Structure formats: structure tokens, C-alpha cells
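Down below is the structure, laid out as C-alpha cells.
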Amino acid sequence: MTTEAEPTPESEPNPIEPTPLPEEPPPPPPDEVPPPPAPEPPPAPDMPTTPITFEPATYYEVDSVCLTADRGDGEPCRNLNVTATDPMVYSNAGKPIIFCGVCSKYRTILSATKLDPQPEVS
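Using this note's numbering, read the sequence shown as starting at 225 and increasing by one per residue.
Given below as C-alpha cells:
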């Protein structure tokens, strides 16, 4: 009978030591041309000097502009300072809301013309 303690995994020498691999430099980046810088947005349009008042339940032709300089990712909306005309906007309760289709933020209304005659709704 022997009184030797059974070897534990911590006490056993590891007969196979992994050989460290030589560190290889990363491959060179492919010859990519960086994308051209985004074009400068047009200058901001003149804002209305007086508030625009809308009649409830009325259709208007509306000029609006997106003023979103930061979409939340540090980039401006590609519609920044671009004026658009919506030929038929319903005023709801006298407070029409127009969203930018690119950044989903509110567009600022620059002018509104009441349609005459008003469209018939059935």
C-alpha cells in the first residue's frame, strides 16, 4: 500500500504546451476610394415673419422645409433646407402637420395658400 496522493490536474505538468503563433500584421486594406463628401446643403430659406393661421377643416397648398441638421447620428437630413410644395394639405383642426419622408421629423411650414375651390370630399 502506498501513501502517495493521487495527482490533481493542477499538480500534473502539461505535456503539450501550445506554441505561440507569430503575430501577423493585418492584411493591407483594399484599394478603396473613400466616398466623396456629402454636398453642402442649400442655404436656409427665409422664415415667415408672421405666424401662419389655418382655418379648420380646410385644404391648402403648403410650402415647407426640413430643418433637421442632426438626424440623431450626427448626420444632417439629406433634405436639409430643401423646400417642397405639397399641393393639397388638410388643416385638420387648424394645425396641419407635415413630416419629412427621409428623417421622419417635422417640416417647418413656410407659406400656405387656401385652395379655391376647396376639393369635394365624399
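Note that the Cβ used here is the ideal one computed from N, Cα and C, for glycine as well. From a predicted model like this one, the values you see are computed outputs, not experimental measurements.
| Check | Outcome |
| --- | --- |
| To the nearest angstrom, how far is it from the Cα of F278 to the Cα of P343? | 16 Å |
| Could you tell me which residues DSSP puts in a beta bridge with V286? | D310 and A336 |
| Just mark P242 as buried or exposed, buried being the case when its beta carbon has 16 or more other beta carbons within 10 Å. | exposed |
| For P251 and P244, I'd like the C-alpha separation in whole angstroms. | 20 Å |
| If you count every other CB in all the chains shown that lies within 10 Å of the CB of V345, and 16 or more means buried, which is it? | exposed |
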